[in-house]
Amino acid sequence: MPRATSTDISLTKSYIPKVSKIPGISPTIAKFYKSIENRNIHEGRVVDQAYYKSNNIERLFTNIRFDCLFKINEPIVPRFILDFYSQVTVQTDEYGYLFISFMIQHEFITLTLAQFGQILKIPYNGQAVFTNEWDLASLEYSQETEGPYSTDLPTPDDIRRLLELERVMVDRTIKSQTVTLTPNQILTKELSPDMKQWEELIRENVFGLGGHRDHLPACLAHMLYCVVAEEQYNLAYFFVKEGGPLKIKGTGRVSWAAPLII
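Numbers 1 to 262, taken from the UniProt record's numbering, label the letters of the sequence shown in order.
Here it is as structure tokens:
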């Protein structure tokens, strides 16, 4: 029986059984696991204190409990994340409440969204919406209009006005074609230098590091709006709807799995 991992993360790489060495395992699966089972997701890379103490980041982020984004400092073994999220499910009850269910050491566990947020130490109430789209108008189309997560969202005009965006270009080349941007499609270069730091901090710890970093996803623009407006934002809802840290993609967000897995 392995020792409790909750107080001994640093040694998990040595005593957790190697998936890649299980007799008869698929070569494809073995190759996938082998590249990650001997390392941690986080091995010392944290947000520099000078960074989050500049440009009002600490004060504004703390006001809406986003200070959790610059306090991540826990080494996590990828094997735990894969084992956990390979069987986690998200359900909705008859009243519209979200529940997260999973199994650890043969024990079936179900958490409410509030419990999920409390364990992960992230905000679990406030404005709730999820969309993968770039255009700000997609927020309205994606919001829940009734139930426990019904949200009175800001309009695209509200977001653009509060973020004090300045259109720097109208046309953009996408796949060798010139496309005219709509007012609701925001480029990261339209953010002020201070707000660009906020955007980087949120993107690296909430969103994947891949994709197009030259434009601002609608949900990220909404989060920045909440920071400036000091509106609470339901980060737990976003993670669950977005799929949370369900994939190993070299992202900072996988460390949110830590409190549940160890």
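Note that CB positions come from ideal geometry on N, CA and C, so glycine has one too.
Rounded C-alpha distance that separates residue i from residue j
| i | j | result |
| --- | --- | --- |
| isoleucine 186 | leucine 111 | 36 Å |
| aspartate 194 | glutamine 115 | 34 Å |
| glutamate 140 | proline 154 | 9 Å |
| leucine 98 | serine 86 | 19 Å |
| alanine 50 | isoleucine 36 | 31 Å |
| leucine 82 | isoleucine 29 | 12 Å |
| tyrosine 33 | isoleucine 104 | 19 Å |
| glycine 243 | histidine 212 | 19 Å |
| proline 78 | valine 170 | 42 Å |
| arginine 253 | lysine 31 | The predicted model places arginine 253 with a pLDDT of 38, which falls under 50 and marks its position as unreliable, so this point remains unresolved. |
| tyrosine 63 | histidine 222 | Just to set this straight, residue 63 is asparagine in the shown sequence, not tyrosine. One C-alpha to the other measures close to 16 Å. |
| valine 46 | leucine 60 | 19 Å |
| valine 19 | serine 26 | 10 Å |
| isoleucine 22 | threonine 178 | 52 Å |
| serine 138 | arginine 161 | 17 Å |
| serine 54 | glutamate 230 | 18 Å |
| glutamate 107 | glycine 24 | 26 Å |
| serine 176 | glycine 117 | 43 Å |
| isoleucine 76 | glutamate 144 | 34 Å |
| aspartate 157 | tyrosine 52 | 28 Å |
Whether residue i touches residue j by CB criterion (8 Å)
| i | j | result |
| --- | --- | --- |
| valine 129 | serine 142 | yes |
| proline 234 | asparagine 56 | The sequence as given places asparagine at residue 234; proline does not occur at that position. Result no, Cβ atoms of asparagine 234 and asparagine 56 do not sit closer than 8 Å. |
| valine 228 | leucine 163 | yes |
| proline 123 | arginine 65 | yes |
| glycine 67 | glutamate 58 | Reading the sequence as shown, one finds aspartate at residue 67 and not glycine. Going by C-beta atoms, aspartate 67 is nearer than 8 Å to glutamate 58. |
| isoleucine 109 | valine 240 | no |
| leucine 120 | tyrosine 237 | no |
| glutamine 127 | glutamine 197 | no |
| tyrosine 225 | isoleucine 159 | yes |
| arginine 167 | glutamate 146 | no |
| threonine 188 | aspartate 214 | yes |
| phenylalanine 102 | phenylalanine 84 | yes |
Beta-ladder partner(s) of residue i, from DSSP
| i | result |
| --- | --- |
| methionine 103 | Phe108 |
| valine 90 | Ile100 |
| glutamine 127 | Tyr233 |
Min CB distance residue i to chain D below 8 Å
| i | result |
| --- | --- |
| glutamate 140 | Looking for chain D here will not work: only one protein chain is present. |
Quiz item: Are three or more beta carbon pairs between the region 130-148 and the region 213-220 nearer than 8 Å?
Solution: yes
Quiz item: Can at least three beta-carbon pairs, one atom from the region 191-208 and one from the region 62-74, be found at a separation below 8 Å?
Solution: They touch, by the three-pair rule.
Exercise. Quick one: which unbroken alpha helix (DSSP H) runs of 4-plus residues sit fully inside the region 180-232? Chain order, please.
Key: 193-206, 218-229
Quiz item: With a cut-off of 8 Å, do at least 3 Cβ pairs link the region 186-201 to the region 89-101?
Solution: Flag = no, the region 186-201 and the region 89-101 do not touch.
Quiz item: Where are the alpha helix (DSSP H) runs, 4 residues long or more, that stay fully inside the region 115-169, in chain order?
Solution: Correct list: 138-142, 156-162.
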